[in-house]
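Take 1 as the starting number for the sequence shown in the UniProt record's numbering and just add one per residue.
Ideal Cβ placement from N, Cα and C applies to all residues, glycine included.
Treat the numbers as computed from the prediction; the structure is a model and nothing was measured.
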Amino acid sequence: MPHRWGDSNTDLEVIINNEPWLIFDFDIKDIQNQQINEASFVVYADETDKPSEFQEVIINHRESTGINKIYAGRIAQIIPAKLNNSVFSYEIICSDFTMDLNEDLVTEAFVSTSLNTIVNFLITNYTTGITTVNVVSPGPTIEAISFNYLTVGDCLMKIKEMTGFDWYVDYDKDLHVFNISDAGAAPISLLDNKFDYDELVVNVDMFISELKRLNNALLVITSKAFIKLNVKNIRI
Numbered sequence: 001m002p003h004r005w006g007d008s009n010t011d012l013e014v015i016i017n018n019e020p021w022l023i024f025d026f027d028i029k030d031i032q033n034q035q036i037n038e039a040s041f042v043v044y045a046d047e048t049d050k051p052s053e054f055q056e057v058i059i060n061h062r063e064s065t066g067i068n069k070i071y072a073g074r075i076a077q078i079i080p081a082k083l084n085n086s087v088f089s090y091e092i093i094c095s096d097f098t099m100d101l102n103e104d105l106v107t108e109a110f111v112s113t114s115l116n117t118i119v120n121f122l123i124t125n126y127t128t129g130i131t132t133v134n135v136v137s138p139g140p141t142i143e144a145i146s147f148n149y150l151t152v153g154d155c156l157m158k159i160k161e162m163t164g165f166d167w168y169v170d171y172d173k174d175l176h177v178f179n180i181s182d183a184g185a186a187p188i189s190l191l192d193n194k195f196d197y198d199e200l201v202v203n204v205d206m207f208i209s210e211l212k213r214l215n216n217a218l219l220v221i222t223s224k225a226f227i228k229l230n231v232k233n234i235r236i
C-alpha cells in the first residue's frame, strides 16, 4: 500500500490505478475540444509504491449533491524528489484520454464514406476502450481520404481539416465528433460553491488560436478556482 503523509484537499477523491490516494498541489487545465487537458499534483510514497506512467487517474470532487468527476486520464510524466532515505515526493503530470488515440498507426483509405463510418472503423480497429456514442451520425460524406501511418488522433485532425467537424475524448473515454456550429455548453458545469476564487491566474496567450476559432467557451480549472470565459463576442 502507498504511504501517505500530510494534509490534502479533502474535497477531492483521487483514484490511481483503481486505488485511492491523497494528493497535494492539485491543478487542472481543461481546454475545450481536441486540445489535451492536463492535471498535475504531488503524492508521497516510498520508491517501491510510487505510481507508474500510463496508469489511469480519476479525480472526483465531493459536493453536497454527490460526487462529480472533474478529471480523468493517464499519467504522462512522473518527476521524483527525494525527501529522506525512504520517502519521495512525486510530481504527477497527467494527460486526458486523448493519449489513448495514439496506441497504433493507421494505414487506411476510404472513398465516398460517411464521417461516422470512418470514425467508427478507426476507433474499433486502432484503439482500445474508446466508445463512439457521441460521434455525429451519419455526418458528411467524405469523397476520398487516406491515412498513411498516422495515429488516430492525427486521423481525426485530418478529418476535421476536410469537414470542419471538431472532436474530443471525454472523461468517460467517449469520443465526441460534432459540427462546431452546433456545439452547446461546456461539458463541465460551474457552480459558485466549487472552490474559492482566489489566486487566479489565466494565461490567455496560449488560447489565442482557440479564441479565434471557437464561438463557444473556454474553461480553466485549478484547485482554487473554477472560471468560465465566455468568448462568444470577443474579436481578435
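Per DSSP, what kind of secondary structure is ASN125 in: helix, strand or coil? In the displayed model, ASN125 falls within a helix according to three-state DSSP.
MET157 to PHE110 span [Cα, whole Å]: About 16 Å.
Assign TYR149 to buried or exposed, taking buried as 16 or more other Cβ atoms, counted over all protein chains shown, within 10 Å of its Cβ. Exposed is the label assigned to TYR149, since fewer than 16 other Cβ atoms lie within 10 Å of its Cβ.
Taking only the alpha-carbon atoms, compute the straight-line gap between ILE130 and ALA45 and give it to the nearest angstrom. Spanning the two alpha carbons is a distance of roughly 31 Å.
With a floor of 3 residues, list each beta strand (DSSP E) that falls wholly inside the stretch 134–158, ordered by position along the chain. Restricted to the stretch 134–158, the beta strand (DSSP E) segments that are unbroken, complete and at least 3 residues in length are 141–151, listed in chain order.
Hey, would you say the C-beta of GLU63 is under 7 Å away from at least one heavy atom of the ligand SAM? For the structure depicted, the ligand SAM is absent and the ligand set is empty, with no information on it obtainable.
Between GLY73 and ASP49, is the Cβ-Cβ spacing less than 8 Å? GLY73 is not a Cβ neighbour of ASP49, given a cutoff of 8 Å.
Under the assumption that VAL135 contacts LEU175 (Cβ atoms under 8 Å), give the Cβ distance between them as a whole number of angstroms. Yes, VAL135 and LEU175 are in contact; Cβ-Cβ is about 6 Å, under 8 Å.
Is TYR90 helix, strand or coil by DSSP? Three-state result, TYR90: strand.
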